[in-house]
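K.L.:
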Amino acid sequence: MRFLKIEKLSDLKTVREKVTFLAGGTDIYPLLSDGFLENEIFCDISGIENLKKISIGKKEIKIGALVTFSRIRQNSVLSHYAGALVKAAGEVGSPQIRNRATIGGNVATASPSGDSIPALFVLKARIKTNKRTIPVEDFFMGVKKTVLAKNEIITEIILPKNKMFSDFVKVGPRKALAISKVSVALAVKKKNNIAEEVLIAFGAVAPTVVRARKAEQFLTGKIFSKDNISKAAEIAKGEISPIDDFRSTGKYRRSVAGVLVARILEKAI
Amino acid sequence: MKHEIKLFVNDIPYNITVNSQDTLLYALRDILHLTGTKKGCGEGECGACTVIMDGEAVRSCLILAVEADGKKIITIEGVSANGKLSRVQRAFVEAGAIQCGFCTPGFVMAIEAALRKKKTKKEELIKAVSGHLCRCTGYENIIKAIDKIVRG
Amino acid sequence: MDSVGKSFVRKDAASKATGAALFTADLKFPEMLFAATIRSPKPHIKILGIDDAKAREVMGVVGIYYAKDIPGENVVPLVFMDYPFLAEKEAKFQGQPIGLVVARDINTARKAVRLVKIKYRELRTVFDPLDAMKKTAPKIYGRDNIFKKFIVKKGNTKSAKPDVEVEDVFTTNYQVHAYLETQSMVAVPQPDGGVNVYGSMQCPFYVQDAVKKILGVPYNKVKIVQQTTGGAFGGKEDVPSIVAGHAAVLAAKTGKPVKLIYTREEDFQAMSKRHPGWAKIKYGAKKNGKIVSCEVKYILDGGAFSTLSPIVLWRGTVHAAGPYEIPNVYIETYAVATNKVPCGAYRGFGQPQIAFANESLIDILAEKLGMNPLEIRRINAIKKGGRTETGHKITGSIGLDKTINLAVKSAGWNRKWKHPSSKSGSRRYGIGMATSIYGVGLGAGGKHLAKSGSFVQVEPDGSVLVAVGNTEMGQGARTVLSQIAAEALGAPYEMVDLMATDTSRVPDSGPTVASRTTVMSGNSILNACKSIRKRIDDTVRKMLKAKGRVIAKDGFYHIGGKKVSYANAIARAWADRIHLTAAGWFRVEGTTYNEKNGQGDAYFTYTYSTMVAEVEVDVETGEVSILNFVSAHDIGKAINPKLAEGQIQGGGLQGIGYGTCENLVLENGKILNPNFTGYIVPTAVDAPPIKPIIVEEKYKGGPFGAKGLGEPPLICAAPAVANAIYNATGKRIKSLPIIPEKLVC
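Residue numbers (this note's numbering), protein chains in the order written: chain A, -18 to 250; chain B, 2 to 153; chain C, 2 to 746.
Structure (C-alpha cells):
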C-alpha cells in the first residue's frame, strides 16, 4: 500500500495513478487489517481546508465534502433548512466516528445503509465534484458504486434553501452504533395542511436509495389526514422489495418501512 | 512505503517512521510503547482505542499514523499525570465501573474529551460513551461513575 | 468482621483506570516474533497438499509450521482427545487451524497466511444437529456423531397422572463471549528447553497440560503465568490451550519469544461459543398448579470437536427440570457433532438454553391453569427438605422463595402484572419473571478437578502475599480472596494481595469456572491461614502473657481485655523466626451421583435466583426496550457486596443480550457476521437499570458462608425477558434471540 497526501484541490492534477481517496477514513480502515487494501494507493484529502466549510447563501446551502457529521449535527442553520440531514448525521456510527466521518465520504462510499443519503434525496441535493455537478438521484449506480470517474472527488453538497419540513428515522439493531435495517427520509411542503410537495426516500432496502414515488404522488394535493397517511404508507411499502441478509429479512424491512413512513408523515401533520 | 512523521503525544514531541498502512493505534502501542490504549476490534466498533486528537475523541484504529502527522494527541497515559488519578478515573474506580478493565481507557478518554469540550451534563457524557462496548459491567456502574463526575 | 462483607474498592481498579495494567498484547520481549494462523477455508475438507512457496518468499517470514512439525502430541488435552492442535489430513470446520506462520512483525505474518494455498477436496457436511443424528448423515465423530448422552430418571413419569399437560419445542442460537480482549498468548523459550507462557486465560493448568502435550516436555519445564485478562466468561476456559500450544511450538522451533494475538474476526470464527440448543419439554400438573411430571429431550450442537461439550451437557442435564420440586422426571440429552465451530463454555454452561425452555413452558402452564406466573412458581419452587431432579435432598442454604419474594416486591409485580389480553396500542408494557437453581462448582461431572491449592506468606512488615490457582479475569477474585485471607489472618485488607496466577507457585487447582473460585480457593486460603494463625496466636499469647482464644479485630489481636497490634505481633513472630508461610489445600469429597440414572448429590450446594424484567414492545417495529430489570440471588454470603452486584449487573445484561439482540448468523458453516458491526451486543444506551438483590442463606461449607455467583446472573435473564415480551404482546416466541423480525413477521 502507498500513501499520498494533497492539501490543495489544484494538486489533484498531480495525482497520476488510480487512487482511493481518504476523507475521514472510517469506512476504509476496517478493511486495512484484512489486507484487502494491500495494493491500493491512498490519497489523503483531509487536509484540503476549503472543503470544510458550510456556507449559507440566499438560495443555496453548500456543505463542503469534508464537513464531519458532528459539525452537521451541531449546525443550527442546517437544522432549519435540512432537518432530515441533521437528524441522519446524528445517527451515523458513534460520536467518535462522527468526529471523523465526512458527508463527502458517506456519499462516495455509497453504502446502501449510508444514513445521510436518503436525507440528501428528499432535500434535492446536488453533488458537486472537481469536474461537474450531478443531481443526487443520478449519482449512485449500485452497492458502493457511483458515477465518480478516476480521480474525481466530491467537493460540495449543494442543497436548495427550501423551508420544507424534513425528517429522518431509522430502525437499527440497537440504540447506538447501529447500521440501519431500514431508514426513511421525508420532506414536505404544506399549505393549510394540504401537501403541495412530498418526497419520501428509503435507505437500506435496495442497492441504492429508493424514492416512494407512488406514495408521494398519492399524497400530493391531499389533506394530511390519518387516513391518507396510512394509505400512503401502504402504497410506499409496495414500492420496495428488500432482500434478506444477516442483518434482517426482506419481509421485516418492508413491513417496518411502511410503519416508518406512517410515523414520519404523522410528525409532519 | 515509509513516512517520517511528528506526533505530539501527551505534550512530548516524537519523530517516528511509520509504514503507510500503520494506524495511529499501532504507532502509539507498538512504536511509542504507550500500551494503555487498547485494541479490541480494529474496526472502530468497540471504542477501546479512543484517544483525543486535536481536542476531539477519535478511534485511533480508524486513523492512519501518517494522517496524524503534526497532530496533538492525548492518550490514557496523559490524563493521570504524576501518577494521580484524574477525576474521571477516580470516579470509575470508586463507582465500581471497572471489571476486566480492557474497555476502561477508552471510556475514560471519551469522557475526558467531552469534559474538555465543556460537555458536563449527564446525557452528554452518556452520549459520549454510547459507542463504547463493555462486556463486564452491564454499564450500570459506568453510569454511576458518570453521575459522580457530573456531581463533581 | 473487618474484611468480609465489606465493599472494598478492587485491588486492580487504579492500574486498569490508568492503562498501566499489563494485558498480554502489552508485553514485549527482546527479539520477539509474531505469529498468525493458517485456517481451513471450508467447513469439511480433505487436505491434499499445501503450497506455501509464495508465503515463504515474503521478506520477514521466519518459518511456517504444520502438524508434522509438532514435537509432542497433536491433540488438545480436554475431556475426549479428538481435537488436533493443527489439522493434518482433514479439517472439520471453517477456520480450523492447519498451520502457523511466524514472522518479524504481525503484518508480515498475516500477509504470508493469505499467500498460503491449501489444496483440498470438499467432503460431505452436516450443520444441523438433528440431521447429524440421522443414520444417513456424514460421520464427523464416532459412528453416530454423538459426543455424549445423559439420562436422569426420577420416579416414573408414566404414572404421574397430571390433570393438564403442556409441551413445546424451544431453540436457542449461539452466543459469542465478546470479551473485549481477544485471545492472546506470548511464549518465551527457556535456555534449558522449557517454555514460559504468558497469556489471557481462565485456566492456567489446562494451558499447562496443553503446552506439555504439544511440546512433549515434563510439567516442571512448563510455566504458565496469567496476565491481566480482558474478560473471559467461559471463552477463555479451554480454547487458550490451543492458542498457547501454537505459540509454544513456534517458540520451541524458532528459539525466540513468540506473540500470538487473534484478530477480532478470527476470534469470532474459530473460538468457542455458547452451544445452540434444541429442547422438547413437557410439564404435567394437577389443577392446583403442582407439577407432577417433567419430560425433556435436550440436544446441544457441539460443533466439530467435543471440547467441553460433555460437561456442558451434563450441567444442562442435571438442571433441565428447573428449580422446582417434581416427583417424576425423565431427561434425555445429547451433545452432537456438526461441521461448525466447536462450542464450549459460556457463563451458564448448558443451563441458559434449557432455562429458556423450562421457564417459558412454566408460564405456558400457568396460563393454561389460569394462574399468575408468580403463583405457579411459588407453588413449585424447591424448598428446604425438597429434592432436586437428581434426588438431592436440600437441607440448608436454600433461599429460592426469598429471591422470588424480594424480586417481585422490588419490581412491583402485583401492581403491574396484567393479562396480555388487556394490552393495546402500538407500544405495550409487559412484565415477566424467571427463576433458576444453579449447582455451585463442577459437581459430580468434574469431580476429579474439585481441588484447589493456595500459598500464603506473611512478610516481616505484615504485608501478605497470597497465591492461588484460580484466576482474576475481571470478576474480582483478587479482591475477594484478599478479603478472605485478611479476615482469616486478622490482617488489614490493604496489606493483603494476590499475585498473578503462576503454575510454578501453586499446584493444579482445577479451572476457574463454574462459579467455584470463592468457595474453592477461598477454602484453600482459609486452610493455609489457619495454620499461620495458629503460630501467630502462640506469639500473641506469649506477648500478652495470656491464655485463651485470640480474637482478631480492628487491626489488633485481643485476649480478654489485652491487645497487641497486628504489625507488632508479626514483627515479633519474625524476630522469633516463626514460620509464617503455609500452603493450603482443599478438595471436595466424592458425591453419591450415579451416571446410570442421574440420581444422587450432583453438587455440594446450589445458588438460587429470580429475575423480573419489565419491557416496552413497539409492536409495529418489534423493537423491545428493557425498562427495568431486577435480579435476586441467594449466594450464601457476599464477601464483597459491591463486586457481587457488579457480577449480577454484568451477567444480567449478557443474558438480556442473549435474549434479544445477539444473533450469530451462519450459512453453510460460515459465520456471516464475525465482528461487532454485525454481532450486536448492547451498548450503554440499550442497557436497562439492573437492580441487584442479594440474599444470604449461609452455606456451612463455604468460606464465611459463601456459595458461588459468577454464572447465575445470566441464566434466567433471557426467559424473564421472553416472558415479559409475551406479557406485553401475547406472542410466545420459542427461539432465542427474540429479534424484532420474529415479533413482527
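Backbone N, C-alpha and C define an ideal beta-carbon position, used for all residues, glycine too.
1. So, does the CB of C104(B) fall closer than 8 Å to a CB anywhere in chain A?
2. Under 8 Å: do the region 47 to 64 of chain A and the region 137 to 156 of chain C share three or more Cβ pairs, one atom per stretch?
3. Using beta carbons (cut-off 8 Å, strictly below), is T136(A) in contact with chain C?
4. Please state if the CB of E296(C) and the CB of R388(C) are separated by a distance shorter than 8 Å.
5. What's the call for E58(C), buried or exposed, on a 16-neighbour Cβ count within 10 Å?
6. Taking only beta-carbon positions, decide if Y10(A) is within less than 8 Å of chain C.
7. Is any beta-carbon of chain A found at less than 8 Å from that of I681(C)?
8. Answer yes or no: do S75(A) and E68(B) have a C-beta to C-beta separation smaller than 8 Å?
9. Closest Cβ-Cβ distance between V67(B) and chain A: below 8 Å?
10. How long is the line joining the alpha carbons of L665(C) and A358(C), rounded to whole angstroms?
11. Who are the neighbours of V666(C) on chain A, taking C-beta pairs under 9 Å?
12. If you draw a straight line from the C-alpha of K(-14)(A) to the C-alpha of K224(C), how long is it?
13. Considering only their Cβ atoms, is the gap separating V613(C) from I438(C) smaller than 8 Å?
14. What residues in the region 38 to 55 of chain B have a beta carbon less than 8 Å from any beta carbon of chain C?
15. For C717(C), count neighbouring Cβ atoms within 10 angstroms of its own Cβ and tell me buried if that reaches 16, exposed if not.
16. If P704(C) sits next to I537(C), beta carbons under 8 Å apart, how far is it from one beta carbon to the other, in whole angstroms?
17. Using the DSSP secondary-structure output, state which residues sit across from P1(C) in a beta bridge.
18. Would you please state the rounded distance, in angstroms, between the beta carbons of L314(C) and T334(C)? I believe it to be under 8 Å.
19. In whole angstroms, what is the alpha-carbon distance linking R152(B) and D83(C)?
20. Give me the chain B residues within the contact set of K643(C), using Cβ-Cβ distance strictly less than 8 Å, ordered along the chain.
21. Are I139(A) and A106(A) close, meaning C-beta to C-beta below 8 Å?
22. If you pair each beta-carbon of the region 678 to 697 of chain C with each one of the region 126 to 136 of chain B, do three or more pairs fall below 8 Å?
23. In whole angstroms, what is the alpha-carbon distance linking I383(C) and E95(B)?
24. Going along chain F, which residues have a C-beta under 8 Å from A356(C)?
25. Return the first residue and the last residue of the beta strand (DSSP E) that L66(A) is part of.
26. With a CB to CB cut of under 8 Å and the five nearest residues on each side skipped, what residues in its chain are close to S8(C)?
27. Give me the Cα-Cα distance between A245(C) and G107(B), rounded to the nearest whole angstrom.
28. At 7 Å on the CB atoms, spell out the chain A contacts of T622(C), in chain order.
29. Is E113(B) close to chain A? Criterion is C-beta to C-beta, closer than 8 Å.
30. Out of L101(C), A68(C), N108(C), Y567(C), which one is the CA nearest neighbour of E89(C)?
31. Can you pull the chain A residues whose beta carbon is under 7 Å from the beta carbon of T18(B), in chain order?
32. So is L158(A) in contact with chain C if we call contact Cβ pairs under 8 Å?
33. Pick from G351(C), I355(C), L407(C), P277(C): whose alpha carbon is nearest that of D169(C)?
34. Around the Cβ of T229(C), are there at least 16 other Cβ atoms within 10 angstroms (buried) or fewer (exposed)?
35. Whether or not the region 215 to 235 of chain A and the region 18 to 25 of chain B are in contact is what I'm after, with contact meaning three or more pairs of Cβ atoms, one per stretch, closer than 8 Å; do they touch?
36. When the cut-off is 8 Å and only beta carbons count, does A58(B) lie next to chain A?
P.N.:
In short:
1. Within the second sequence, residue 104(B) is the residue found at index 103, counting from 1. Cβ-Cβ to chain A under 8 Å: no for C104(B).
2. no
3. In the first sequence, counting from the first residue as 1, residue 136(A) sits at position 155. Not closer than 8 Å to any Cβ of chain C, the Cβ of T136(A) fails to qualify, so no.
4. Indexing the third sequence from 1 puts residue 388(C) at position 387. Indexing the third sequence from 1 puts residue 296(C) at position 295. Not in contact: R388(C) and E296(C) (Cβ atoms no closer than 8 Å).
5. As a first step, residue 58(C) must be located in the third sequence, where it is residue number 57. Exposed is the call here.
6. Taking the first residue of the first sequence as position 1, residue 10(A) is located at position 29. Chain C contact via Cβ: absent.
7. In the third sequence, the residue the question calls residue 681(C) occupies position 680. Output row for I681(C): interface = yes.
8. As a working note, residue 75(A) is residue 94 in the first sequence. As a working note, residue 68(B) is residue 67 in the second sequence. No. Outside cutoff.
9. Indexing the second sequence from 1 puts residue 67(B) at position 66. It does: the Cβ of V67(B) has a partner Cβ on chain A nearer than 8 Å.
10. Along the third sequence, read from residue 1 onward, the residue named residue 665(C) stands at position 664. Along the third sequence, read from residue 1 onward, the residue named residue 358(C) stands at position 357. Straight-line Cα distance between these residues: approximately 20 Å.
11. Residue numbering aside, residue 666(C) sits at position 665 when the third sequence is read from its first letter. Those within 9 Å of V666(C) in chain A are D226, F227, R228.
12. Stepping through the first sequence from its first residue, residue -14(A) is reached at position 5. Stepping through the third sequence from its first residue, residue 224(C) is reached at position 223. Each residue's Cα considered, the two are about 49 Å apart.
13. On the third sequence, residue 438(C) is found 437 positions in, with the first residue counted as 1. On the third sequence, residue 613(C) is found 612 positions in, with the first residue counted as 1. No, the pair does not count as a contact, with Cβ atoms beyond the cut-off.
14. T38, K39, K40, G41, C42, G43, E44, E46, C47, A49
15. Mapped onto the third sequence, residue 717(C) falls at position 716. Its Cβ being crowded by 16 or more others within 10 Å, C717(C) is buried.
16. Stepping through the third sequence from its first residue, residue 704(C) is reached at position 703. Stepping through the third sequence from its first residue, residue 537(C) is reached at position 536. The Cβ separation is near 19 Å, so there is no contact.
17. As shown, chain C starts at 2 and ends at 746. That puts residue 1(C) outside it, with no answer to give.
18. The residue you call residue 314(C) lines up with position 313 of the third sequence. The residue you call residue 334(C) lines up with position 333 of the third sequence. Rounded, the Cβ-Cβ distance is 6 Å, consistent with contact.
19. For this step, residue 152(B) is matched to residue 151 along the second sequence. For this step, residue 83(C) is matched to residue 82 along the third sequence. For R152(B) and D83(C), the distance between alpha carbons rounds to 57 Å.
20. Residue mapping note: residue 643(C) aligns to position 642 of the third sequence, counting from 1. Result: G97.
21. As a position in the first sequence, residue 139(A) is number 158, starting the count at 1. As a position in the first sequence, residue 106(A) is number 125, starting the count at 1. In this structure, A106(A) lies closer than 8 Å to I139(A) by Cβ.
22. yes
23. By 1-based counting over the third sequence, the position of residue 383(C) is 382. By 1-based counting over the second sequence, the position of residue 95(B) is 94. Their Cα atoms are separated by approximately 38 Å.
24. Looking for chain F here will not work: the only protein chains present are A, B and C.
25. Residue 66(A) sits at position 85 when you count from the first residue of the first sequence. Not the beta strand (DSSP E): L66(A) falls in the alpha helix (DSSP H), residues 64 to 70.
26. In the third sequence, residue 8(C) corresponds to position 7, counting from 1. Within the same chain, S8(C) has close Cβ partners N641, P642, K643, L644.
27. Reading the third sequence from its first residue, position 244 is the one you call residue 245(C). Reading the second sequence from its first residue, position 106 is the one you call residue 107(B). Approximately 28 Å between the Cα atoms of the pair.
28. Translated into the one-based positions of the third sequence, residue 622(C) becomes position 621. By Cβ distance, chain A contributes V152, V237, V240.
29. On the second sequence, residue 113(B) is found 112 positions in, with the first residue counted as 1. False, the Cβ-Cβ gap to chain A never drops below 8 Å.
30. Along the third sequence, one-based indexing puts residue 89(C) at 88. Taking only the C-alpha atoms, the option nearest E89(C) is A68(C).
31. Taking the second sequence and counting its residues from 1, one reaches residue 18(B) at position 17. By Cβ distance, chain A contributes nothing, its closest Cβ being about 13 Å from T18(B), past 7 Å.
32. Translated into positions along the first sequence, residue 158(A) becomes position 177. Yes, because at least one Cβ of chain C sits closer than 8 Å to the Cβ of L158(A).
33. Counted from its first residue, the third sequence places residue 169(C) at position 168. Out of G351(C), I355(C), L407(C), P277(C), I355(C) has the C-alpha closest to the C-alpha of D169(C).
34. The residue labelled residue 229(C) in the question sits at position 228 within the third sequence. By the 10 Å Cβ count, T229(C) comes out buried.
35. no
36. In the second sequence, the residue the question calls residue 58(B) occupies position 57. Yes, contact with chain A.
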